[in-house]
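So the sequence lines, in the order shown, correspond to chains C and D. Take any residue in the first sequence, count from 1 to its spot, add 18: that is its number in the working numbering. Take any residue in the second sequence, count from 1 to its spot, add 63: that is its number in the working numbering.
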Amino acid sequence: MKPAWSVIFLTTLCGMAQGFMLALVGADLIGGGHVTPASARIFFSGGAAICVVLTALGLFASFFHLGRPERFWRSAAMWRTSWLSREVIAVPAFLGSSSFYAWAHYSGQAYAPALGVLAAACALALWVCTAMIYACLRFIREWASAYTLVNFVLLGCASGFTLAACWAAWAAPAWVPAYLAAAYLFLIVGLLVRLLMLRRNASLKPVSTLQSAIGIKNPKIQQKSMGAMGGSFNTREFFHGKSALFIKNVRWIFLVLIFPASTMLLALAEQRVSGLLLVVALLVQYAGLLAERWFFFAQANHPQNLYYQVVS
Amino acid sequence: MTQLALVIDLNVCVGCHACVTSCKQWNTSGSAGPLEDLNPYGESPSGTFFNRVQTYEVGEFPLTETVHFPKSCLHCEDPPCVPVCPTGASYKRKEDGIVLVDYDKCIGCKYCAWACPYGARELDEGRKVMTKCTLCVDRVTSTTLPEDERKPACVMACPTSARLFGDVHDENSEVSVAIRERGGYALMPEWETKPANQYLPRKITELIDEAKL
Ligand code: SF4
Ligand code: SF4
């Protein structure tokens, strides 16, 4: 598939916001450390506001994916059958509950943690919807597995907890070590799952072949013409148009940036007690996440491509 | 229940693209709006088509066959493109099984195109909505066209009658008989989309071994 930047930003920005919300609500419920009520108020309300901004940015990016963005409001209609429709409902639910959570902490409401649990539930629901958009397309086999969901959740949590550490360094330093510990854990498990996912996808055998595509049993079939010389929507939308080497390099880039590079920067930041280095680690990790999502799309092999092998 | 469909005879398709051009002509001229072309007179023209004729070489030289292969939406009986549509713009008509896109509802998210294994949907780059073969719904349900013209434009245009049109749920229709008696098959049966359109395989023609003559 051709990776669409709109969707890459949507899934990475919202993923980070969702992970961050889990980090906030976790601290809100467990508490601990020596955080004064005044700084806790800033930490939670400000943190939830950051979630809202990130999600809104992701939502904004997603509009560029639509041919007719002015009709976006129609897209919640088919929630009974469409995961995309469900996502369109889950995003505002997450936005709304996060905003309420921010407001509740800001205005010192006692029920704020309950709203946090609601926002965290919306974050989880949003992950399910986003991942199922891809995982439910069973003939795009690189996507059609539980790995898609687990990977989205783990990488979202890794970036969300890294962001939480950055935010805590500024607003509630006592919580930085715990957030970093969680971030390391998500990064390690995330790496493991991503490697397993890469291994699974590399070993997939195509189910559809040129033989099943045109229904002719002969083992030797070659396309001579796709019926259009200048390409078509089918050649633009479903092929990434990059070399195998390029794809391989993107894979190395995301593996290195997200995992060893950002983990080492985080450890260095912790050792030097440097908030600035934490932010650098987050930015390096986010660049890696963009590459990871790009790769996720590029790697998906659509069976329609069987019909579009030769330009002439 | 009716399921209108095309049956395409690979024995006689000569790859002339008459169905492609007549489809484009009819469907770009109707009330649903034009099928836009990108750069139509430039170096690399591209445009929106509901129907494409592709060509394959089957076998190994010198024992090769050239197969011309028309491809359009198969109006699947279990269409994966329909349930994924978030707006309800994509739907399958109950009365005749035609799968359609409501251009006024479509937001151009392209999800349905991702969900079609056959690459049968094309986003119109001008109108920014998803388009696909309508089986000439405006012709086949017309009450004003002469009765023998109430068929898809591609079927009318085909000079070799490679395209049959009818109700595949009616056992006695021309298309059902052709499928039954001439081994009609569906594309990519592995995805259980139950395409309504089917293809008639080439009859096996004996190769003459010249040495034995
Ligand atoms: S061929 Fe593709 S677009 Fe047509 S009904 Fe089947 S899945 Fe949908
Ligand atoms: S592109 Fe249009 S028809 Fe296709 S899924 Fe999106 S809204 Fe539905």
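A virtual CB, placed ideally from N, CA and C, is assigned to each residue, including glycine. What you are looking at is a predicted structure, and each value in this text was computed from that prediction instead of being measured.
Could you check the C-alpha separation between residue i and residue j for me, to the nearest Å?
i, j, result
"P22/D", "V130/D", "This structure gives no information on residue 22/D, because the portion of chain D shown stretches from 64 to 276."
"Q240/C", "L101/D", "28 angstroms"
"T99/C", "P146/D", "5 angstroms"
"F228/D", "A216/D", "11 angstroms"
"W89/D", "L228/C", "31 angstroms"
"S250/C", "Y325/C", "12 angstroms"
"A13/C", "V109/C", "With chain C covering 19 to 330 only, the question about residue 13/C has no answer from this structure."
"T223/D", "E105/C", "48 angstroms"
"N3/C", "F277/C", "In the structure displayed, chain C extends from 19 to 330; residue 3/C sits before or after that span and is not available."
"A220/C", "N319/C", "11 angstroms"
"R217/C", "E160/C", "11 angstroms"
"L173/C", "F204/C", "7 angstroms"
"V278/D", "C82/D", "An answer regarding residue 278/D cannot be provided, because it is not within the stretch 64 to 276 covered by chain D."
"A225/D", "R254/C", "30 angstroms"
"A139/C", "V43/C", "10 angstroms"
"Y104/D", "G110/D", "11 angstroms"
"L284/C", "V298/C", "9 angstroms"
"A132/C", "G64/C", "17 angstroms"
"V192/D", "R86/C", "7 angstroms"
"V328/C", "L286/C", "51 angstroms"
"K238/C", "E255/D", "25 angstroms"
"V71/C", "C136/D", "42 angstroms"
"E99/D", "A95/C", "28 angstroms"
"G122/D", "K235/C", "10 angstroms"
"Y262/D", "A231/C", "11 angstroms"
Quick one: list the residues of chain B neighbouring residue i, beta-carbon separation under 7 angstroms, in chain order.
i, result
"T29/C", "The question asks about chain B, but that chain is absent: this structure's protein chains are C and D."
Residues bridged to residue i by DSSP?
i, result
"V121/D", "I239/C and E128/D"
"R115/D", "K134/D"
"G229/D", "A68/D"
"G110/D", "D100/D"
"Q261/D", "V70/D"
"L173/C", "Partner(s): none; L173/C has no beta bridge."
"L163/D", "Y154/D"
"L186/D", "M193/D"
"Y197/C", "Per DSSP, none; premise fails for Y197/C."
"Y248/D", "Y262/D"
Quick one: does the C-beta of residue i sit closer than 8 angstroms to a heavy atom of ligand 4?
i, result
"V231/D", "Absent from the structure shown: ligand 4. Ligands present: ligand 1 and ligand 2."
Residues in the segment 91-121 of chain D having any Cβ partner in chain C nearer than 9 angstroms: Residues L101, N102, G105, E106, S107, P108, S109, G110, T111, F112, N114, R115, V116, Q117, T118, Y119, E120 and V121.
Three or more C-beta pairs below 8 angstroms linking the segment 164-176 of chain D and the segment 294-313 of chain C: The segment 164-176 of chain D and the segment 294-313 of chain C do not touch, with fewer than 3 CB-CB distances between them shorter than 8 angstroms.
At least 3 beta-carbon pairs within less than 8 angstroms: the segment 30-41 of chain C vs the segment 171-191 of chain C: Counting Cβ pairs under 8 angstroms, three or more are found: they touch.
Residues, ordered as in the chain, of the segment 162-182 of chain D that lie near chain C by beta-carbon distance below 9 angstroms: Taking 9 angstroms as the cut-off between beta carbons, the residues of the segment 162-182 of chain D near chain C are D167, K168, C169, I170, G171, C172, K173, Y174, A176, W177, A178, C179, P180, Y181 and G182, in sequence order.
At least 3 beta-carbon pairs within less than 8 angstroms: the segment 116-132 of chain C vs the segment 55-63 of chain C: Yes, the segment 116-132 of chain C is in contact with the segment 55-63 of chain C.
Segment contact, 8 angstroms Cβ cut-off, at least three pairs: the segment 180-200 of chain D with the segment 110-122 of chain D: Yes: at least three Cβ pairs fall under 8 angstroms.
At least 3 beta-carbon pairs within less than 8 angstroms: the segment 178-191 of chain D vs the segment 141-160 of chain D: When C-beta atoms of the segment 178-191 of chain D are compared with those of the segment 141-160 of chain D, three or more pairs fall below 8 angstroms, so the two segments count as touching.
Positions along the segment 124-151 of chain D whose CB lies within less than 7 angstroms of some CB in chain C: For the segment 124-151 of chain D, which is checked against every Cβ of chain C, the residues closer than 7 angstroms are V130, F132, K134, P146, V147, C148, P149, T150 and G151.
Positions along the segment 233-244 of chain C whose CB lies within less than 7 angstroms of some CB in chain D: Residues G233, I234, N236, K238, I239, Q240, Q241, K242, S243 and M244.
Cβ contact check for the segment 168-183 of chain D and the segment 186-203 of chain C: 3 or more pairs under 8 angstroms: No: fewer than three Cβ pairs fall under 8 angstroms.
Under 7 angstroms (Cβ pairs) to chain C, residues found in the segment 189-206 of chain D: Under the 7 angstroms Cβ criterion, the segment 189-206 of chain D contributes K191 and V192.
Residues of the segment 103-114 of chain C whose Cβ lies closer than 7 angstroms to any Cβ of chain D, in chain order: Within the segment 103-114 of chain C, the qualifying residues are S103 and V106.
Chain D contacts from the segment 204-228 of chain C (Cβ-Cβ distance under 7 angstroms): Using a CB distance below 7 angstroms, the part of the segment 204-228 of chain C facing chain D consists of V225 and S226, ordered along the chain.
Positions along the segment 240-262 of chain D whose CB lies within less than 8 angstroms of some CB in chain C: For the segment 240-262 of chain D, which is checked against every Cβ of chain C, the residues closer than 8 angstroms are Y248, A249, L250, M251, P252, E253, W254 and Y262.
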